[in-house]
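Engineer: Quick note, the sequence shown lines up with residues 91 to 433 if you use the working numbering. The beta carbon of each residue, even a glycine, is placed where N, CA and C say it ideally should be. Source: prediction; values computed, not measured. Right, I'll just put the structure down here and ask away after.
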Amino acid sequence: MNILKNMSFLKTVTSGTIFLKFIILLMLTAGCGTSRKTVVSHVSIKRQQYIRKYANLAIEEMNRTAIPASIIMAQALLESDDGNSYLAVYGNNHFGVKCHKDWKGKKIYFDDDKKHECFRKYKTVEESYRDHSDFIRNGQRYSFLFSLDTENYKAWAKGLKKAGYATNPHYDKMLIKIIEDNKLYELDDRKNPFEITPIKKKREETGNKKEGVTVVSSPEMSDEFTISFPSRKIMTNNRINYIIVKPGDTFESLTKELQMLSWELRKYNELPKNAILTPGQILYLQPKRKQAEPGKKVYIVKKGDNMYSISQKFGIRLKYLLDMNGMKQGEEPVPGQKIKLRK
91 MNILKNMSFL
101 KTVTSGTIFL
111 KFIILLMLTA
121 GCGTSRKTVV
131 SHVSIKRQQY
141 IRKYANLAIE
151 EMNRTAIPAS
161 IIMAQALLES
171 DDGNSYLAVY
181 GNNHFGVKCH
191 KDWKGKKIYF
201 DDDKKHECFR
211 KYKTVEESYR
221 DHSDFIRNGQ
231 RYSFLFSLDT
241 ENYKAWAKGL
251 KKAGYATNPH
261 YDKMLIKIIE
271 DNKLYELDDR
281 KNPFEITPIK
291 KKREETGNKK
301 EGVTVVSSPE
311 MSDEFTISFP
321 SRKIMTNNRI
331 NYIIVKPGDT
341 FESLTKELQM
351 LSWELRKYNE
361 LPKNAILTPG
371 QILYLQPKRK
381 QAEPGKKVYI
391 VKKGDNMYSI
401 SQKFGIRLKY
411 LLDMNGMKQG
421 EEPVPGQKIK
431 LRK
């Protein structure tokens with residue numbers, strides 16, 4: 091009965107616009123099955139947006155592992171297609187790191203050099219960045235890279251190609267081009283995360299201002315961005331960021347320039363409230379540590395040294411330095427004396 095009704099219906103729609111509408115409807119219905127497979131619920135981001143979002147993460151990994159931030163960022167951009175690749179979207183894998191035999195975490199499969207290859211899957215993008223850095227730092231075939239200068243991104247790019255990080259014969263040139271086109275080498279000069287300020291477009295920014303920083307409520311963003319950071323070199327000692335005091339520097343000017351709280355510089359450097367800065371002085375931007383870095387076990391006291399100056403020289407809190415050497419607050423060493431720097 092239903093078949094007869096359908097045949098009668100077909101006779102009806104074989105004329106005029108009704109027939110055309112029927113054919114179009116059939117075509118649309120037939121295409122639904124395949125189109126759903128290609129739909130990705132992900133809003134694509136552009137390269138500059140990706141850099142703006144993850145630049146600080148690349149710098150943090152550089153500080154932690156001594157891999158240039160420019161290299162980390164360039165690899166992420168290339169391997170993840172600016173954060174839009176299947177592995178990046180569904181696996182938070184921004185570096186195309188494969189499972190390998192020792193991987194015990196979650197997995198995601200994708201057709202790469204071979205079909206249905208196993209790649210590492212992460213809970214967060216931060217995990218992907220950390221694991222990528224550790225993968226290179228702990229890999230024996232990459233060990234020679236760490237004898238290179240962290241600011242020599244070209245040597246690092248060539249080294250990664252030589253070590254076989256990727257199969258593309260032009261991998262090093264691709265990384266170098268990304269770095270130079272986007273000025274990623276500027277990241278390698280920063281020993282601390284910097285602030286990236288979006289450029290406003292058409293609409294005025296609204297919000298509160300505090301020490302030159304605008305807290306934006308609802309800006310209209312452009313694809314451009316500017317990088318704001320202190321106009322002085324940030325160095326590292328014992329894995330602690332520090333600067334060298336310049337003529338004219340004061341606690342007030344530095345806290346404003348470095349966007350720190352007023353008490354931080356004095357506390358981190360164990361200085362009294364009435365302390366006055368002197369040019370050439372080491373000033374830490376983070377808390378000092380309990381002992382010196384590996385390899386620095388003993389220091390021979392020189393003329394003019396005191397326990398505080400030694401603690402600053404090696405980035406050790408004065409209390410721990412005194413305790414290691416069986417000394418009390420106020421006691422000072424003599425020239426030639428051996429001071430323990432590590433337990």
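Give the DSSP-derived three-state secondary structure of Thr326 in the structure shown.
Structural biologist: strand
Engineer: Do Leu277 and Ala159 come within 7 Å of each other at the CB atom, strictly closer than that value?
Structural biologist: yes
Engineer: Of the choices Tyr261, Lys205, Met414, whose alpha-carbon is the least far from that of Leu169?
Structural biologist: With the sequence shown as reference, residue 169 is identified as Glu, and Leu is not the correct amino acid for it. Of Tyr261, Lys205, Met414, the residue nearest in Cα terms is Tyr261.
Engineer: Run through the DSSP bridge pairs and tell me what Leu373 is partnered with.
Structural biologist: Ile333
Engineer: Would His222 be called buried (16 or more neighbouring beta carbons within 10 Å of its own) or exposed?
Structural biologist: buried
Engineer: Terminal residues of the continuous alpha helix (DSSP H) containing Glu270?
Structural biologist: Taken as a continuous stretch (DSSP letters only), the alpha helix (DSSP H) holding Glu270 covers 261 to 271.
Engineer: For Tyr212, count the other beta carbons within 10 Å of its own beta carbon; 16 or more makes it buried, fewer makes it exposed. Which is it?
Structural biologist: buried
Engineer: Of the residues Ala156, Ser175, Met417, which one's Cα is nearest the Cα of Asp279?
Structural biologist: Ala156
Engineer: Give the C-beta separation of Gln427 and Val388 to the nearest angstrom, bearing in mind that I take them to be a contact with Cβ-Cβ under 8 Å.
Structural biologist: No, Gln427 and Val388 are not in contact; Cβ-Cβ is about 10 Å, not under 8 Å.
Engineer: Tell me whether Trp246 is buried or exposed, calling it buried when 16 or more other Cβ atoms sit within 10 Å of its Cβ.
Structural biologist: Trp246 should be labelled buried.
Engineer: Tell me, to the nearest whole angstrom, how far the beta carbon of Asn359 is from that of Leu373; I am working on the premise that it is less than 8 Å.
Structural biologist: 6 Å
Engineer: Opposite Glu207 in the DSSP bridges: which residues?
Structural biologist: Phe200
Engineer: Within a Cβ cutoff of 6 Å, which residues of the same chain sit near Glu241, ignoring the five residues on either side of it in sequence?
Structural biologist: Hits under 6 Å: Asp278.
Engineer: In whole angstroms, what separates the C-alpha of Tyr255 from that of Lys393?
Structural biologist: 51 Å
Engineer: CA-CA distance, Ser233 and Lys244?
Structural biologist: 17 Å
Engineer: How would you write the range of the beta strand (DSSP E) that Lys428 sits in, first residue to last?
Structural biologist: 428 to 430
Engineer: Might you give, ordered along the chain, the residues of its own chain that have their beta carbon closer than 8 Å to the beta carbon of Gln381, omitting 5 neighbours on each side?
Structural biologist: Ile406, Tyr410, Met414, Leu431, Arg432, Lys433.
Engineer: In or out: Lys251 buried (at least 16 other Cβ within 10 Å) or exposed?
Structural biologist: buried
Engineer: Can you have a look at Ala166 and say buried or exposed, based on whether 16 or more other CB atoms are within 10 angstroms of its CB?
Structural biologist: Around the beta carbon of Ala166, 16 or more other beta carbons lie within 10 angstroms, which makes this residue buried.
Engineer: If you measure between the beta carbons of Ala164 and Ile269, is that distance less than 7 Å?
Structural biologist: yes
Engineer: Of all the options Tyr140, Lys336, Asn146, which has the alpha carbon lying nearest to the alpha carbon of Arg220?
Structural biologist: The shortest C-alpha separation from Arg220 is found at Asn146.
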